[in-house]
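**Q**
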Amino acid sequence: MKRFSSFLILFVWGILLCVSPVAEAAVTLKEEKKYDPIEVLQTLNYCTYSLSKIVSYNDRVVLSFEYDNIINNLNLNAIPDENIVKLLAKLMDTLKDEIISERKRERIEKSYQRKLERTLYNLLAGVKLSPQSVVSAAVSAVSSMGSMYVNYQRQIEEYLSENEEMIEALDDEKLNSINAIRKDLLTASWNIVKKYNIDDQYRLTEKQINEFVESVKSGGEEVQHRKLARLLRDNVAFQYFPPFWYYYALSNKENETFFLDCTDKFLQTHRPIFRKDPLWASVLMERLRLQKKADSKNSDDIQSVREDLEQIINQSNNSDWQNFLFVGLTYAQIGMLEEARENLQRNIDNGYEVSLNGRLLAELLLDGGDIKEFNTTLNKMLNDTRVVNSDKLYLIGRCRNATYLNRFKNEISEIRLIAMNEAAVTELMSPTYLLTIPNKWLIEDAPFDVRIFNENMDKSHHYESLDDPELIISTKKKRVAIKFPEADHTIARKPEKNISVNIKHPLIDMTLNYELEKKDVGRSAKTLIEAFVPFYSEVLGTYRLKEIVFMDDKYVFTPRGVIAENKN
Numbered sequence: 000m001k002r003f004s005s006f007l008i009l010f011v012w013g014i015l016l017c018v019s020p021v022a023e024a025a026v027t028l029k030e031e032k033k034y035d036p037i038e039v040l041q042t043l044n045y046c047t048y049s050l051s052k053i054v055s056y057n058d059r060v061v062l063s064f065e066y067d068n069i070i071n072n073l074n075l076n077a078i079p080d081e082n083i084v085k086l087l088a089k090l091m092d093t094l095k096d097e098i099i100s101e102r103k104r105e106r107i108e109k110s111y112q113r114k115l116e117r118t119l120y121n122l123l124a125g126v127k128l129s130p131q132s133v134v135s136a137a138v139s140a141v142s143s144m145g146s147m148y149v150n151y152q153r154q155i156e157e158y159l160s161e162n163e164e165m166i167e168a169l170d171d172e173k174l175n176s177i178n179a180i181r182k183d184l185l186t187a188s189w190n191i192v193k194k195y196n197i198d199d200q201y202r203l204t205e206k207q208i209n210e211f212v213e214s215v216k217s218g219g220e221e222v223q224h225r226k227l228a229r230l231l232r233d234n235v236a237f238q239y240f241p242p243f244w245y246y247y248a249l250s251n252k253e254n255e256t257f258f259l260d261c262t263d264k265f266l267q268t269h270r271p272i273f274r275k276d277p278l279w280a281s282v283l284m285e286r287l288r289l290q291k292k293a294d295s296k297n298s299d300d301i302q303s304v305r306e307d308l309e310q311i312i313n314q315s316n317n318s319d320w321q322n323f324l325f326v327g328l329t330y331a332q333i334g335m336l337e338e339a340r341e342n343l344q345r346n347i348d349n350g351y352e353v354s355l356n357g358r359l360l361a362e363l364l365l366d367g368g369d370i371k372e373f374n375t376t377l378n379k380m381l382n383d384t385r386v387v388n389s390d391k392l393y394l395i396g397r398c399r400n401a402t403y404l405n406r407f408k409n410e411i412s413e414i415r416l417i418a419m420n421e422a423a424v425t426e427l428m429s430p431t432y433l434l435t436i437p438n439k440w441l442i443e444d445a446p447f448d449v450r451i452f453n454e455n456m457d458k459s460h461h462y463e464s465l466d467d468p469e470l471i472i473s474t475k476k477k478r479v480a481i482k483f484p485e486a487d488h489t490i491a492r493k494p495e496k497n498i499s500v501n502i503k504h505p506l507i508d509m510t511l512n513y514e515l516e517k518k519d520v521g522r523s524a525k526t527l528i529e530a531f532v533p534f535y536s537e538v539l540g541t542y543r544l545k546e547i548v549f550m551d552d553k554y555v556f557t558p559r560g561v562i563a564e565n566k567n
């Protein structure tokens, strides 16, 4: 533990000397190198901020991200002393035992990906799908979510509920060591402020930083906004602390003027202290989303957007796949398709959200008229197990190609409809229609609707996700069962001869037309539908799929395959 404390003390002293040279308002250190006092000031404040977050959040996830964002993210070229670089390397070796494992990090990344996808599908809900609406929704989803670490801090309770067993608190001994370092930092700050002749009113104290961290953690944006407004009024030093302006903007993001003013302040006070700055990238993405769409005929507009996009790339690691997705789609919006493809392909090559990036890449190729590359990309996706069915089917619907749709002939036939009589419900024959759908036809975290209808009936169910408690799911068979009971009748009723089923979610809108078959009348339902219904349910009839309406095109379904109507 003494060794750990010693390294942390040396780390803090090293950080305080780690600043980048600028041309104006510079001071000299040992008459060798010039430094900007604002960078020195921000370095002090970032050190205090980092230690405060580790203690306040008290979990290894925050410690791990601070390790990445602070300790492992310094611009070592800006450090004038080789011994300090060596000490930082030793410190990294010491702290790496405290960070979460790659397996746990991947699980948090998966949680983040699900949240982003849910945000995307919520934005698409009720919107008629078009390439423009999908691209616009994806851009909004990425910018509003922020980076994984920012999102983790803002929605930590949700992450805890999903990954409770993997969120580990720091032990008391470790916390005591960090608190001791925070006290040493106060003494070090006085020395640095004096050395650089900095006005101390712009240095954030430990107490002020703690108040800032706790304000950001406050529940509800209105409470956050009021607390942060008071902090700014009472402490002038926050005017020069870029993270403050970012979180202050988020506390009132519905007010676009206020939001853009805050991000302006972020950019004015920001200094390039880190190799990669995720907050800087997030601010630029939010500004691009909110600002008016660039005029493709105005070279100044396009150049400004390009510069921001290039800076987002510069501030992003490969693991920041959502940033490259945003950049790619924004390039597409200003007509720079080659750059758009390059950024989406980067995510695919690195294995990040292959399904989502692949679908959007294929869509850009199709809209750009590059049919050859579209077909090449789609064929790769159809053979890639990482790509989900919904993305494959969406693209097949976009290109309206029966040959591709035939690749799903067997899977389409697995969407089954039967009519059964539940004896416990009524002694009269009153058909209950049971639809079973393979899980892979639906999106885990997206809402979907299932409707059954003809000229005599029209029933529907809405589900928020596959986790809906009203759904009957067979984990073994990977199928979802949905019941459509008929209303009570005073006379016996026979199953309908023809019934249509519509399955609709953010990426698929498919109607299947069925025709009644009699051969299974009287058969026990238990073996037929894998015990989705009680054993005493009697099958009144099964239905044969005869026609598909997919993305407004009609196809005849035959034992030989799917055939486009009125086409050879």
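For the record, in the sequence shown the residue sitting at position 256 is 255 according to numbering that gives the first Met the number 0, with numbers rising by one throughout. All C-beta atoms in this analysis are idealised placements derived from N, C-alpha and C, irrespective of residue type, glycine included. Being a predicted model, the structure only gives us computed values, none of them experimental.
Roughly how many whole angstroms lie between the Cα atoms of I472 and I562?
**A** On the sequence shown, residue 472 is found 473 positions in, with the first residue counted as 1. On the sequence shown, residue 562 is found 563 positions in, with the first residue counted as 1. Here the C-alpha atom of I472 lies approximately 31 Å from the C-alpha atom of I562.
**Q** Can R59 and I99 be called in contact, C-beta distance under 8 Å?
**A** Here residue 59 is taken as the residue at index 60 of the sequence shown, counted from 1. Here residue 99 is taken as the residue at index 100 of the sequence shown, counted from 1. Yes, the Cβ-Cβ distance between R59 and I99 is below 8 Å.
**Q** Pick out the complete alpha helix (DSSP H) segments inside the region 294-375, 4 residues or longer, and give them in chain order.
**A** Taken in chain order, the complete alpha helix (DSSP H) segments of 4 or more residues contained in the region 294-375 are 298-313, 320-332, 336-348 and 353-366.
**Q** Go through its chain and collect everything with a Cβ distance to N150's Cβ below 8 Å, but skip five positions before and after it.
**A** Here residue 150 is taken as the residue at index 151 of the sequence shown, counted from 1. Excluding residues within five positions, the ones whose Cβ falls inside 8 Å are Y111, K114 and M144.
**Q** Restricting to Cα atoms, I'd like to know which of L43, N209 and K103 is closest to V54.
**A** Looking up residue 54 in the sequence shown gives position 55. Closest option to V54, Cα to Cα, is N209.
**Q** Whole angstroms is fine: what's the gap from P558's alpha carbon to G350's?
**A** The residue you call residue 558 lines up with position 559 of the sequence shown. The residue you call residue 350 lines up with position 351 of the sequence shown. Spanning the two alpha carbons is a distance of roughly 37 Å.
**Q** Going by C-alpha to C-alpha distance, which of I312, I301, E372 and I333 sits closest to V134?
**A** Within the sequence shown, numbered from 1, the residue matching residue 134 stands at position 135. Selected option, being the one with the closest Cα: I333.
**Q** Below 8 Å on the Cβ atoms is my guess for N453 versus I481; work out the distance and round it to an integer in Å.
**A** Indexing the sequence shown from 1 puts residue 453 at position 454. Indexing the sequence shown from 1 puts residue 481 at position 482. That pair is no contact at about 17 Å.
**Q** Which first and last residues belong to the alpha helix (DSSP H) in which P241 is found?
**A** Position 242 of the sequence shown, counted from the first residue, corresponds to residue 241. Per DSSP, P241 belongs to the alpha helix (DSSP H) from P241 to L249.
**Q** For the pair the region 498-514 and the region 433-443, tell me if three or more CB-CB distances fall below 8 Å.
**A** yes
**Q** Helix or strand or just coil, what does DSSP make of H548?
**A** To locate residue 548, count along the sequence shown from 1; it is residue 549. According to the sequence provided, residue 548 is Val. The question's His does not apply to it. In the structure shown, V548 sits in a strand (DSSP, three-state: E or B).
**Q** What is the rounded straight-line gap between the Cα of D467 and the Cα of I197?
**A** Reading the sequence shown from its first residue, position 468 is the one you call residue 467. Reading the sequence shown from its first residue, position 198 is the one you call residue 197. Rounded to the nearest angstrom, the two C-alpha atoms are 58 Å apart.
**Q** What residues in its chain sit with their C-beta under 7 Å from that of S412, if we drop five residues either side in the sequence?
**A** The sequence position of residue 412 within the sequence shown is 413, counting from 1. Closer than 7 Å at Cβ, skipping near neighbours: L544.
**Q** What residues match up with P437 in a beta bridge as DSSP calls it?
**A** Residue 437 sits at position 438 when you count from the first residue of the sequence shown. P437 pairs with R478.
**Q** If you reduce the DSSP assignment to three classes, tell me which class G396 lands in.
**A** Here the question's residue 396 lines up with position 397 in the sequence shown. Looking at G396 - three-state DSSP - the assignment turns out to be helix.
**Q** So what does DSSP say about M456, is it helix, strand or coil?
**A** For the purposes of this step, residue 456 is taken as the residue at position 457 of the sequence shown. In the structure shown, M456 sits in coil (DSSP, three-state: anything other than H, G, I, E or B).
**Q** With DSSP run on the structure shown, which of helix, strand or coil describes V192?
**A** As a first step, residue 192 must be located in the sequence shown, where it is residue number 193. V192: helix per DSSP, three-state reduction.
**Q** Please determine, among N175, F325, R270 and M509, the residue with the shortest C-alpha to C-alpha distance to T42.
**A** Translated into the one-based positions of the sequence shown, residue 42 becomes position 43. Among N175, F325, R270 and M509, the Cα nearest to that of T42 belongs to R270.
**Q** Can you list, in chain order, the residues of its chain whose CB lies under 7 Å from that of K275, leaving out five sequence neighbours each side?
**A** Working through the sequence shown from its first residue, we reach residue 275 at position 276. Correct list, in chain order: N72, Q314, S315 and N316.
**Q** Taking the beta strand (DSSP E) that V222 falls in, what are its first and last residues?
**A** As a position in the sequence shown, residue 222 is number 223, starting the count at 1. Counting along the chain, V222 falls outside any beta strand (DSSP E), though it belongs to the alpha helix (DSSP H) covering E220 to D233.
**Q** So, under 8 Å CB-CB, H461 and P446 are touching, yes? Tell me the CB distance rounded to an integer number of Å.
**A** Here residue 461 refers to the residue found at position 462 of the sequence shown. Here residue 446 refers to the residue found at position 447 of the sequence shown. At roughly 7 Å, the Cβ-Cβ gap stays under 8 Å, so H461 and P446 are in contact.
**Q** Just to confirm the assignment, what range does the beta strand (DSSP E) spanning T510 have?
**A** Counted from its first residue, the sequence shown places residue 510 at position 511. I507 to E516 is the span of the beta strand (DSSP E), which, as asked, contains T510.
**Q** Going by DSSP, name the residue or residues bridged to S473.
**A** For the purposes of this step, residue 473 is taken as residue 474 along the sequence shown, with counting starting at 1. S473 is bridged to R478.
**Q** How is R543 classed by DSSP in three states: helix, strand or coil?
**A** Here residue 543 is taken as the residue at index 544 of the sequence shown, counted from 1. Note: R543 maps to strand in three-state DSSP.
**Q** Nearest to R397 by alpha carbon, out of M419, L363 and S429?
**A** One-based indexing of the sequence shown puts residue 397 at position 398. Checked all of M419, L363 and S429; the closest Cα to R397 is L363.
**Q** Ignore the nearest five residues each way along the sequence and tell me which others in I414's own chain have a CB closer than 8 Å to its CB.
**A** The count along the sequence shown starts at 1 and reaches residue 414 at position 415. L434, T435, I436, P437, W440, V500, I502, L511 and L544.
**Q** Would you give the residue range spanned by the alpha helix (DSSP H) that R286 belongs to?
**A** Working through the sequence shown from its first residue, we reach residue 286 at position 287. It spans P277 to L289 - the alpha helix (DSSP H) in which R286 sits, taken as one unbroken run.
**Q** If contacts are defined as beta-carbon pairs under 8 Å, then R288 and V138 qualify, I think. What distance do you get, rounded to the angstrom?
**A** Walking along the sequence shown from the start, residue 288 turns up at place 289. Walking along the sequence shown from the start, residue 138 turns up at place 139. At roughly 6 Å, the Cβ-Cβ gap stays under 8 Å, so R288 and V138 are in contact.
**Q** Report buried or exposed for I395, applying the criterion of at least 16 other Cβ atoms within 10 angstroms of its Cβ.
**A** As a first step, residue 395 must be located in the sequence shown, where it is residue number 396. Buried, because 16 or more other Cβ atoms sit within 10 Å of the Cβ of I395.
**Q** Along the chain, where does the beta strand (DSSP E) containing L416 start, and where does it finish?
**A** Working through the sequence shown from its first residue, we reach residue 416 at position 417. Segment R415 to N420, the beta strand (DSSP E) holding L416.
**Q** Out of V353, L249 and N68, state which residue places its alpha-carbon closest to the alpha-carbon of Y148.
**A** As a working mapping, residue 148 is identified with position 149 in the sequence shown. Per the Cα distances, N68.
**Q** What's the gap between the Cα of E546 and the Cα of Y513?
**A** Taking the sequence shown and counting its residues from 1, one reaches residue 546 at position 547. Taking the sequence shown and counting its residues from 1, one reaches residue 513 at position 514. When only Cα atoms are considered, E546 and Y513 end up about 7 Å apart.
**Q** Counting only the same chain and skipping the five closest in sequence on each side, list residues whose C-beta sits under 7 Å from that of Y542.
**A** Walking along the sequence shown from the start, residue 542 turns up at place 543. Non-local C-beta neighbours of Y542 in its own chain, meaning closer than 7 Å and more than five positions away in sequence, comprise L416, I417, I498, Y513, E514, L515 and E516, ordered along the chain.
**Q** What's the C-alpha gap between S214 and H224?
**A** What you label residue 214 is simply residue 215 of the sequence shown in a count that begins at 1. What you label residue 224 is simply residue 225 of the sequence shown in a count that begins at 1. For S214 and H224, the distance between alpha carbons rounds to 8 Å.
**Q** Which of the three DSSP states is assigned to T47 in this structure?
**A** Here residue 47 is taken as the residue at index 48 of the sequence shown, counted from 1. Note: T47 maps to helix in three-state DSSP.
**Q** Report the option in E161, Y239 and I155 whose CA atom is closest to the CA atom of K216.
**A** Position 217 of the sequence shown, counted from the start, is the residue given in the question as residue 216. K216 has its Cα closest to that of I155, out of E161, Y239 and I155.
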